[in-house]
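Those protein sequences? They're chains A and C, same order as listed.
Taken in order, the first sequence gives residues -17 to 422; the numbers are from the numbering used here.
Taken in order, the second sequence gives residues -17 to 422; the numbers are from the numbering used here.
Beta carbons: idealized from backbone N, C-alpha and C, even for Gly.
All remarks here apply to the structure that follows.
There are 2 protein chains.
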Amino acid sequence: MRFSRAFLPVLKESPADAQIVSHKLMLQAGLVRQTAAGIYAWLPLGFRVLQKIEQIVREEQDRAGAQEMLMPTLQSAELWRTSGRYDAYGPEMLRIKDRHDREMLYGPTNEEMITAIFRDEVKSYRELPRTLYHIQWKFRDEVRPRFGVMRGREFLMKDAYSFDLDEAGARQSYYTQMLAYLRTFQRMGIKAVPMKADSGPIGGDLSHEFIVLAPTGESEVFYDAAYDTFDWNQPDLRYGDEAGLQGLFDQVNSTYAATDETHDEARWGDVADDRKRTGRGIEVGHIFYFGDKYSESMGLKVSGSDGQMVTPMMGSYGVGVSRLVGAIIEASHDEAGIIWPEAVAPWKVGIVTMRADDEPTAAAAESLYADLQSAGIDVLYDDRNERGGVKLGTMDLIGLPWQVIVGPRGIANGVVELKNRATGEREELNVDAAMARLTA
Amino acid sequence: MRFSRAFLPVLKESPADAQIVSHKLMLQAGLVRQTAAGIYAWLPLGFRVLQKIEQIVREEQDRAGAQEMLMPTLQSAELWRTSGRYDAYGPEMLRIKDRHDREMLYGPTNEEMITAIFRDEVKSYRELPRTLYHIQWKFRDEVRPRFGVMRGREFLMKDAYSFDLDEAGARQSYYTQMLAYLRTFQRMGIKAVPMKADSGPIGGDLSHEFIVLAPTGESEVFYDAAYDTFDWNQPDLRYGDEAGLQGLFDQVNSTYAATDETHDEARWGDVADDRKRTGRGIEVGHIFYFGDKYSESMGLKVSGSDGQMVTPMMGSYGVGVSRLVGAIIEASHDEAGIIWPEAVAPWKVGIVTMRADDEPTAAAAESLYADLQSAGIDVLYDDRNERGGVKLGTMDLIGLPWQVIVGPRGIANGVVELKNRATGEREELNVDAAMARLTA
């Protein structure tokens, strides 16, 4: 993408009305614009990041055997009356009447709908287990929306739902999603620690939040340093390996991590002092086992292998896809701007010409741009006729992982400068070496 | 995907309550389920098709230089009051009040919002032309939703908006989108003919509908047989080539095609009799130039190269993404079920074992399944322990382009049967030859 033809509105000043750094940076770098309270339009830069995050979530769900579908945003009130939640849900539910005065709502979540769909199609134990998911916009009518996309009203969520014949099966589905989540966040280049969450009326140990560590986080967190080094992609841990998944769960459960809400001073005391880590964090995912709560209320039963009717046991698994954009920025930025992990960066490489009006400089940049594109690299080429310093500042602000700085003096010597946004390291290289480095 | 583990609910009987064939087939083959009047959940099979169509639309928009973003589903009434459309729009607009009694609406289209966003960011002629698009769910509160996703209430649409400094530029943007549309539909394997549409109060020749030919279509159509053979991917026609795009437009404008609404008997009389084609069709896209209608009412002005303020000229360009799923089925099916064009098929290949309980048959099918997957082919493996005839019927119903039929007798001789869904041709081949054919 050429900057001169792109729709990338960058603000000169940091907006004064945003309270947290991710919101400031998302406005300043032109990721989003607010169109109504707590409702945002995603401009091309923000949309690219949102789409990369969504695609990682999708691929890791597919890899874990979950099947994608898509439920609508609007739901009938009738459906929610069946579970009893229509009246129980507070004013955060956006209630709507259509032209025929039928009561509807903008879905804040989909337990009722997925359970009803599954109920109407699945009749036999042979058709279980199944985990279904979708990635769809939701609405929660927050009384005071704030912090940009971190607590907006219209937000993008991945929600998955598992259906099993018994609790043992449901535990395996839960472990499977736990592993999928650990891999999802690791792949995004962020540290998200699973923390035992309040499991509500059902009790038990099957409720975890995934918390991204960021100094500005909403919760205080306490965790074992072991989480700093876990690699969740160990090749000997496979989906479908029941003992392995149980082992993963036991490992997570026995390695301390908690938010202030579930913090247990006694267990914390057992963690060696040199392994104690504290900080703040932002919730980006929540997995939850709720047994037969919705299958019971929505009337989902299947015939078991012995001919008796069985009520399936369910869990739900949420990832805040749009929230992640903000959370990643909270976790990864500096005074100059955003620092995107490569996996979610809108473009991997930004090319900056220090003098767009210098013919050899522009020619070298053009040729590098063409070569990187041919090599399949996502590249933004800042070909604008602006001062070099302004363009470098913009590149730092929008946070692409690599900058290639092309200037008249360097080009006279056949070299460009390669800058790593995260470390700030700059290196002079000849053009071929820069290409080799960026396409390695 | 293994059928035995998939969520692919196929109905034995054709549903009696659906009036048109695409709706019947979408229910029977398990593409969608209605969750409220005119609102559908997309089950995995339908979602895969929807996503393939969406991706083709996206890639062809990108190729034409349009930039993707994403606007929210809910909009403020205030925005629509600025253009005057809040009061003008009828009961098809779903009007909503939030918890603070603020008036909102579920967007049926996005002219106001994109114009406001563009207005707030773009100040200079240097930042034009631009074409922006998004693919988002819309809502139109149809009084009698029917025909499944063809006239649903919540529907997925791609809408693009172009901004130019003058009408000459806007014409080029219009031609560019016209070519993108021709390429988009051609790539989906359907014939969509551009037909001059009523251009409303602005007049002029810049409004076209794209009509998929299908005997069950809503409109009567009249067109020149030349459209049966046009190839819109001719390599010498490039985006940015002004004369070439003008030539394309002239060619379309001089080759007769019209719906009953705009049919011109005099011009039709000039078409040679042996080139006259009539039939019925379904609208799947509409492109439209509206000049300064929204830039004027929303207050969008930029400074021109001479320092004077200029009101940009705009066009909008819609594709009915979810509607296309139904339209393609209307255009491509037989008594046995759907016949997917390969580009939008949920899977390219279906493997059917005629006897899942016969060990050599199952082993051969498993190995073919693994090999096709390794080769990157989308494949559905019907490994269910059902009668062969039932499984073949299901494959015909869901309409995958290729079926590989694996039976005990064939496997004893080292052969499988390859069936082309569209032509019905069946051929016995050894396994390697079948692989070679499917991965060619």
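Legend entry - Touch test, the stretch 132 to 148 of chain C against the stretch 105 to 122 of chain C, Cβ-Cβ under 8 Å, three pairs minimum: yes
Inset, instruction - Could you check how far apart the C-beta atoms of E191 (chain A) and H268 (chain A) are, in whole angstroms? I think they sit under 8 Å. - result: Your numbering for residue 191 (chain A) matches position 209 in the first sequence. Your numbering for residue 268 (chain A) matches position 286 in the first sequence. Yes, E191 (chain A) and H268 (chain A) are in contact; Cβ-Cβ is about 5 Å, under 8 Å.
Legend entry - Short CB-CB distance (under 8 Å) between Y143 (chain A) and chain C: Counting from 1 along the first sequence, the entry for residue 143 (chain A) is found at position 161. Cβ-Cβ to chain C under 8 Å: no for Y143 (chain A).
Legend entry - Host beta strand (DSSP E) of V398 (chain C) (start-end): The sequence position of residue 398 (chain C) within the second sequence is 416, counting from 1. That run of the beta strand (DSSP E) goes 397 to 402.
Inset, instruction - Evaluate contact between the stretch 273 to 285 of chain C and the stretch 157 to 165 of chain C, counting only Cβ atoms and requiring at least three cross-stretch pairs below 8 Å. - result: no
Inset, instruction - Please classify A394 (chain C): does DSSP put it in a helix, a strand, or coil? - result: Walking along the second sequence from the start, residue 394 (chain C) turns up at place 412. DSSP places A394 (chain C) in helix when its eight states are reduced to three.
Inset, instruction - Report yes if the C-beta distance between V203 (chain C) and T260 (chain C) is below 8 Å; otherwise report no. - result: Position 221 of the second sequence, counting from 1, holds the residue named residue 203 (chain C). Position 278 of the second sequence, counting from 1, holds the residue named residue 260 (chain C). Contact flag set, yes.
Inset, instruction - Could you list which residues in chain A have their beta carbon closer than 7 Å to that of F29 (chain C), in chain order? - result: As a working note, residue 29 (chain C) is residue 47 in the second sequence. Under the 7 Å cutoff, chain A gives E50, M51, L52.
Inset, instruction - Please classify Q10 (chain C): is it buried, with 16 or more other beta-carbons within 10 angstroms of its beta-carbon, or exposed? - result: In the second sequence, residue 10 (chain C) corresponds to position 28, counting from 1. Q10 (chain C) should be labelled buried.
Inset, instruction - Locate the beta strand (DSSP E) running through Y71 (chain A), then write down its first and last residues. - result: Position 89 of the first sequence holds residue 71 (chain A). No beta strand (DSSP E) holds Y71 (chain A); DSSP gives it neither H nor E.
Inset, instruction - Measure the CB-CB distance between L27 (chain A) and G12 (chain A) and report whether it falls below 8 Å. - result: Counting from 1 along the first sequence, the entry for residue 27 (chain A) is found at position 45. Counting from 1 along the first sequence, the entry for residue 12 (chain A) is found at position 30. Their beta carbons are under 8 Å apart, which means L27 (chain A) touches G12 (chain A) by this criterion.
Legend entry - C-beta contact flag for V326 (chain A) and I311 (chain A) at 8 Å: In the first sequence, residue 326 (chain A) corresponds to position 344, counting from 1. In the first sequence, residue 311 (chain A) corresponds to position 329, counting from 1. No.
Legend entry - Closer than 9 Å at the beta carbon, the chain C residues around V125 (chain A): Here residue 125 (chain A) refers to the residue found at position 143 of the first sequence. By Cβ distance, chain C contributes R81, H82.
Inset, instruction - Report all residues from its chain with a CB closer than 7 Å to the CB of S287 (chain C); omit the five preceding and five following residues, and keep chain order. - result: Within the second sequence, residue 287 (chain C) is the residue found at index 305, counting from 1. Taken in chain order, the residues that qualify are Y107.
Legend entry - Residue span of the alpha helix (DSSP H) that contains N235 (chain C), given as start and end: Counting from 1 along the second sequence, the entry for residue 235 (chain C) is found at position 253. Here the alpha helix (DSSP H) through N235 (chain C) covers 224 to 236.
Inset, instruction - Using beta-carbon positions only, say whether Y209 (chain A) and V175 (chain A) come within less than 8 Å of one another. - result: The sequence position of residue 209 (chain A) within the first sequence is 227, counting from 1. The sequence position of residue 175 (chain A) within the first sequence is 193, counting from 1. Yes, these two residues count as a Cβ contact at 8 Å.
Legend entry - Nearest residue (CA-CA) to G47 (chain C), options C:V39, C:D148, C:E200: As a first step, residue 47 (chain C) must be located in the second sequence, where it is residue number 65. Residue C:V39 is the option with its Cα nearest to G47 (chain C).
Legend entry - Near-chain A residues of the stretch -13 to 0 of chain C (beta-carbon distance less than 7 Å), N- to C-terminal order: A(-12), F(-11), P(-9)
Inset, instruction - Compute the Euclidean distance between the alpha carbons of E407 (chain C) and V413 (chain C), then round it to the nearest angstrom. - result: Taking the first residue of the second sequence as position 1, residue 407 (chain C) is located at position 425. Taking the first residue of the second sequence as position 1, residue 413 (chain C) is located at position 431. Between E407 (chain C) and V413 (chain C), the C-alpha separation is close to 17 Å.
Inset, instruction - Using three-state DSSP, classify H268 (chain C) as helix, strand or coil. - result: Taking the first residue of the second sequence as 1, we reach residue 268 (chain C) at position 286. If DSSP states are grouped into helix, strand and coil, H268 (chain C) belongs with the strands.
Legend entry - Complete beta strand (DSSP E) runs within the stretch 322 to 382 of chain C (minimum length 3 residues, chain order): 331 to 335, 361 to 364
Inset, instruction - Starting from T198 (chain C), follow the beta strand (DSSP E) in both directions and report where the run begins and ends. - result: Reading the second sequence from its first residue, position 216 is the one you call residue 198 (chain C). No beta strand (DSSP E) holds T198 (chain C); DSSP gives it neither H nor E.
Legend entry - Member of A:L52, A:T405, A:H315 whose CA lies at the smallest distance from the CA of L7 (chain A): Taking the first residue of the first sequence as position 1, residue 7 (chain A) is located at position 25. Comparing Cα positions, the closest option is A:H315.
Inset, instruction - Could you tell me which residues DSSP puts in a beta bridge with A23 (chain C)? - result: Locating residue 23 (chain C) in the second sequence gives position 41, counting from the first residue. DSSP, once it has assigned bridges, lists C:R15 as partnering A23 (chain C).
Inset, instruction - Give me whichever residues DSSP pairs with L9 (chain C) in a beta bridge. - result: For the purposes of this step, residue 9 (chain C) is taken as residue 27 along the second sequence, with counting starting at 1. Answer is none; L9 (chain C) lacks a bridge partner.
Inset, instruction - Could you give the DSSP three-state label for W214 (chain A): helix, strand or coil? - result: Sequence index remark: in the first sequence, residue 214 (chain A) carries index 232 (1-based). W214 (chain A): coil per DSSP, three-state reduction.
Inset, instruction - For E74 (chain A), count neighbouring C-beta atoms within 10 Å of its own C-beta (all shown protein chains included) and say buried if the count is 16 or more, exposed if not. - result: To locate residue 74 (chain A), count along the first sequence from 1; it is residue 92. Exposed, because fewer than 16 other Cβ atoms sit within 10 Å of the Cβ of E74 (chain A).
Inset, instruction - Go ahead and pull the three-state DSSP assignment for K173 (chain A). - result: By 1-based counting over the first sequence, the position of residue 173 (chain A) is 191. If DSSP states are grouped into helix, strand and coil, K173 (chain A) belongs with coil.
Inset, instruction - Inspect the beta-carbon positions of D360 (chain C) and K330 (chain C) and report whether they are closer than 8 Å. - result: As a first step, residue 360 (chain C) must be located in the second sequence, where it is residue number 378. As a first step, residue 330 (chain C) must be located in the second sequence, where it is residue number 348. Their beta carbons are under 8 Å apart, which means D360 (chain C) touches K330 (chain C) by this criterion.
Inset, instruction - At 9 Å on the CB atoms, spell out the chain C contacts of Q57 (chain A), in chain order. - result: Here residue 57 (chain A) refers to the residue found at position 75 when the first sequence is read from its first residue. Going along chain C in sequence order, the residues near Q57 (chain A) (Cβ under 9 Å) are T17, A18, I21.
Inset, instruction - Could you check the C-alpha separation between Q57 (chain A) and P90 (chain A) for me, to the nearest Å? - result: Looking up residue 57 (chain A) in the first sequence gives position 75. Looking up residue 90 (chain A) in the first sequence gives position 108. Their Cα atoms are separated by approximately 10 Å.
Legend entry - beta strand (DSSP E) runs wholly inside the stretch 33 to 115 of chain C, at least 3 long, in chain order: 56 to 58, 76 to 79, 85 to 88
Legend entry - Close Cβ partners of Y71 (chain C) (< 8 Å) along its chain, the five nearest in sequence each way excluded: Here residue 71 (chain C) refers to the residue found at position 89 of the second sequence. Here the set comprises W62, P90.
Legend entry - Proximity to V3 (chain A) [Cα-Cα], best of A:V307, A:A59, A:L114: Position 21 of the first sequence, counting from 1, holds the residue named residue 3 (chain A). Of the candidates A:V307, A:A59, A:L114, the one whose C-alpha sits nearest the C-alpha of V3 (chain A) is A:V307.
Legend entry - From C:P197, C:L161, C:A23, residue whose alpha carbon lies closest to that of E103 (chain A): In the first sequence, counting from the first residue as 1, residue 103 (chain A) sits at position 121. Taking only the C-alpha atoms, the option nearest E103 (chain A) is C:A23.
Inset, instruction - Grab the span of the beta strand (DSSP E) containing G251 (chain A) for me, first residue to last. - result: Reading the first sequence from its first residue, position 269 is the one you call residue 251 (chain A). Looking at the DSSP string, G251 (chain A) is not in any beta strand (DSSP E); the run it does join, the alpha helix (DSSP H), is 247 to 251.
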